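Residue numbering for the sequence shown follows this note's numbering, starting at 550 and increasing by one per position.
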Amino acid sequence: MGGRDMVKTANGIQMEYWNPYLETLSRGELDEIELSYFKNIFSYAKTNSIMYREKLKGVEPENIRTLEDIKRIPLTDKEELRRYQEIEPYPYGGILGVDIKDVTTFRQSSGTTGRPVYVPETYESWQWRVEAWCHILYMAGFRPHHRVFLPFGYNVYVAFWEAHYTAEKVGCELVPGGALDTKGRIHKIIETRANAMMNTPTYGLHIAEEAKKMGIDPASLGIERMLCAGEPMPAATRRRLEELFRCHVFDHIGGTEPCAWAGMCETKDGMHIIEPFFLVEVLDPETLQREVEEGEMGIAVVTPLGRRSFPLIRFNTKDLVIKGKDSCLCGRTSRKIKEVVGRTDDLRKIRGVLFSPKTVEEVIRHEFPEVVEYEIVVERKGIMDEITIRIEVTPDSGGKELEQVKARLRENLKVKTNLSFHVQMEPPGSLPRYMLKATRFKDRRESER
Ligand SMILES: [Zn+2]
């Protein structure tokens, strides 16, 4: 249980931590704890999960003496989880780490990249997960005086349930906003006077757009804090949300399988890894072996150190991140991620240039407030790849202005991505609006091959 009333002083600033003890341990202490936790979960997985009994044959816990030794243990990827789920016991198969009678909740991944992974939770593993999340929520400044609106139907998706139970544990008051459309949700925020929200960046922007259509200034809704996740959020998008709602916006990162493993503190400068709940390695994307240096980009490999219902050892998240500093003005001692670049699945080579859709989002949110929605389409015309950006602008922009927007956008994108875009204007309301994870990038080349 966190000591939520305790206050420590860091750099002369009074800081409040969810768990003042864990959040200010020295690097040496954290390393020691994580190594010992890792050995425990490793032995546990080898004994209790069919997948790891087979996968880790020949690697014994006594071979792990230092954090460096961990680098020799094979990684686990999502495809393997899917494969092992095909065996008994249904539906969890070989990833299950407990007796199936002990499972208390069924949840699953969203399945955006293929067949969903079914996730077994026991009461114990769920409590572990929620406690880890409390660090993220508390770090983002959520407190008992916050009435938190959660604008989603939770269904079988783990993130909303985590958000719900965590808000309760931190002492906030929660308003579940499922089974309503966006208009209904805006009315509910007004009716309940909710003053905090948790949502995807895309849906935050969508709420603002809908509110404006209803003649309501999003800033007048009274939201003070917003915690986002689900998509890589460029700083420009975060600032856009902060301006629209006149509130503080924080980011965090996680996934259904590895849990939420890093979050943003009040400095809003990168994200803290939630240590010692997770061992996070940032590995060189080419070799997946060497740990990268501060400021370098790598792939996050995550081991949740205390979840037994579904033990995961060195899970390849496929999240590309830039490794951050080890220290922070907030006084927390955990390692940091400077920036989330995107998913390795989203990176594409277009005309020989490495392209990340996040760069386009950054340009749009930073310099084109009149663009309300967009979509990128890559097609192969003959032997050439062609990129088109379809945009929708606010109803009040028109005529000559539109031609200027198109020209400016083409120029900006060229500078930032080294690629030439066709810009195509679309009528208001014609592009899809996303509730959860946005898929604004369509690569149509694969299907034409
Ligand atoms: Zn910090």
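We put the CB at the ideal spot given by N, CA and C, even for glycine.
Owing to the predicted nature of the structure, the values given are computational and were not obtained by experimental measurement.
| Check | Outcome |
| --- | --- |
| Proximity winner among M846, C796 and R839, relative to A768 (alpha-carbon distances) | C796 |
| Through-space distance from R959 to R998, alpha-carbon basis | At R998, the pLDDT of 37 sits below 50, so the modelled position is not reliable and the matter cannot be decided from this model. |
| Pick from R989, D992, T966 and M984 that is closest to S659, judged by C-alpha positions | M984 |
| Contacting residues, own chain, Cβ-Cβ under 6 Å from A778 (five flanking each side not counted) | H801 |
| Rounded straight-line distance, which links the Cα of D766 to that of R884 | 38 Å |
| K732 to E759 span [Cα, whole Å] | 7 Å |
| Run of the beta strand (DSSP E) containing E928, from where it starts to where it stops | V920 to K930 |
| First through last residue of the alpha helix (DSSP H) which encompasses Q838 | Per DSSP, Q838 belongs to no alpha helix (DSSP H) and is neither H nor E. |
| Separation of P700 from E773, as counted between CA atoms | 16 Å |
| Neighbourhood of I649 by C-beta, 6 Å cutoff - its chain only, sequence neighbours within 5 removed | P638 |
| Cβ-based burial, A956 [other Cβ within 10 Å; buried from 16] | exposed |
| Host alpha helix (DSSP H) of Q676 (start-end) | Y672 to M688 |
| Beta strand (DSSP E) runs contained entirely in the region 860–902, provided each spans 3 or more residues | 864–872, 885–892 and 897–899 |
| Closer than 7 Å: C879 CB and nearest ligand 1 heavy atom | yes |
| K986, DSSP secondary structure in three states | coil |
| Separation of S905 from V912, as counted between CA atoms | 12 Å |
| Near ligand 1: H821 beta-carbon under 7 Å from a heavy atom | yes |
| Check: C683 C-beta below 7 Å from any heavy atom of ligand 1 | no |
| Cα-Cα separation, F859 to D895 | 27 Å |
| Inter-residue spacing [alpha-carbon to alpha-carbon] between N744 and G690 | 12 Å |
| E806 to V666 span [Cα, whole Å] | 8 Å |
| Validate contact between the region 939–951 and the region 912–924 using beta carbons, cut 8 Å, 3 pairs | yes |
| Distance between beta carbons of Q657 and V668, contact taken as under 8 Å | 6 Å |
| Beta-carbon proximity of R881 to C814, cut-off 8 Å | yes |
| Beta-carbon proximity check, R863 vs I622, cutoff 8 Å | yes |
| beta-carbon C814 near ligand 1 non-hydrogen atom, thresh 7 Å | yes |
| Same chain, Cβ closer than 7 Å to M782, neighbours up to 5 away in sequence not counted | P750 and D800 |
| Beta-carbon proximity list for R819, same chain, < 7 Å, skipping 5 on both sides | What sits at residue 819 in the sequence shown is Gly, not Arg. Result list for G819: G873, K885, I886, K887 and E888, in chain order. |
| C-beta atoms of L790 and G753 nearer than 8 Å | yes |
| Proximity below 8 Å, CB of E628 to CB of V679 | no |
| Unbroken alpha helix (DSSP H) run spanning L579, endpoints | R576 to N597 |
| C-alpha gap between Y601 and T625, whole angstroms | 9 Å |
| Sequence-distant residues of its chain with Cβ nearer than 8 Å to I613 (five each side left out) | L584, F587, K588, F591, I619 and I622 |
| Unbroken beta strand (DSSP E) run spanning G847, endpoints | M846 to P853 |
| C-beta contact flag for E924 and K991 at 8 Å | yes |
| Pair within 8 Å by beta-carbon distance, S575 and G643 | no |
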